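If you read the sequence shown in numbering that gives the first Met the number 0, its first letter stands for residue 0, the second for the next number, and so on.
Think of the CB as a built atom: it goes at the ideal place given N, C-alpha and C, for glycine as much as any other residue.
All of these numbers come straight from a predicted model, not from anything done at the bench.
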Amino acid sequence: MSRADRRAVAHPDSPCPCGRGLPLAECCGPLLAGRSAPTAERLMRSRYTAFVVGDAEHLLRSWHPSTRPRSIEFDPDQRWTGLEVLRTTGGGFLHTTGTVEFRAHWTAGGVAGSMREHSRFLRENGHWLYLDDRGDD
């Protein structure tokens, strides 16, 4: 996806890529701008949106320091095309841990694919952070 395409997707009035059915400005936009996510699922959705629009800063900021990479590089040929939240555990207002299992769809070089992940999240100092992929149960 070109930079111009990413900017078009990131327009505040465009539908949020996370699939909640709200405009970006009312959904993941505030989280990309630095607001804390209220739940682990909302953080996961905002991280998916960050991959769609190429926002490495949000991805790194929302990644737990113990597992965070030094940098993130995006594949310029990969386009994220949809998100399915399959299951959540914990991750709510009164929790300190949570998991979100999801499937993210993509295309690259004319080939469609998807990835499935069971992400773990921690809430520290009132902020949800992505920890890692839990793997298969």
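Please classify residue i as buried or exposed, where buried requires at least 16 neighbouring CB atoms within 10 angstroms.
i	result
Glu-56	exposed
Ala-7	Note on Ala-7: pLDDT 45, under 50, position unreliable in the model; the coordinate value appears next. Exposed: under 16 other Cβ atoms inside 10 Å.
Phe-149	Nothing can be reported for residue 149, as the shown portion of the chain is limited to 0 through 136.
Asp-12	exposed
Arg-44	buried
Pro-68	exposed
Thr-48	buried
Leaving aside the five residues before and after residue i along the sequence, list all residues of the same chain whose C-beta is less than 7 Å from its C-beta, in chain order.
i	result
Gly-125	Ser-35
Leu-121	His-63, Thr-95, Thr-96, Leu-128, Leu-130
What first and last residue would you give for the beta strand (DSSP E) that runs through residue i?
i	result
Thr-87	77 to 89
Ala-49	Note, Ala-49: premise wrong, no beta strand (DSSP E); alpha helix (DSSP H) at 39 to 52.
Gly-28	Per DSSP, Gly-28 belongs to no beta strand (DSSP E); it is in the alpha helix (DSSP H), 28 to 31.
Is the CB of residue i under 9 Å away from at least one CB in chain D?
i	result
Gly-18	The structure shown contains no chain D; it holds only a single protein chain.
At what residues does the alpha helix (DSSP H) containing residue i begin and finish?
i	result
His-57	55 to 60
In chain order, what residues of the same chain lie with their CB nearer than 6 Å to the CB of residue i, ignoring the 5 residues before and after it?
i	result
Ser-1	Because the pLDDT of Ser-1 is 49, which lies under 50, any placement of that residue in the model is unreliable, and the number read from its coordinates should be weighed accordingly. Once the five neighbours on either side are set aside, Ser-1 has no close Cβ partner at all.
**Prompt:** Is the stretch 23 to 31 touching the stretch 106 to 121, taking contact as three or more C-beta pairs under 8 Å?
**Reply:** no
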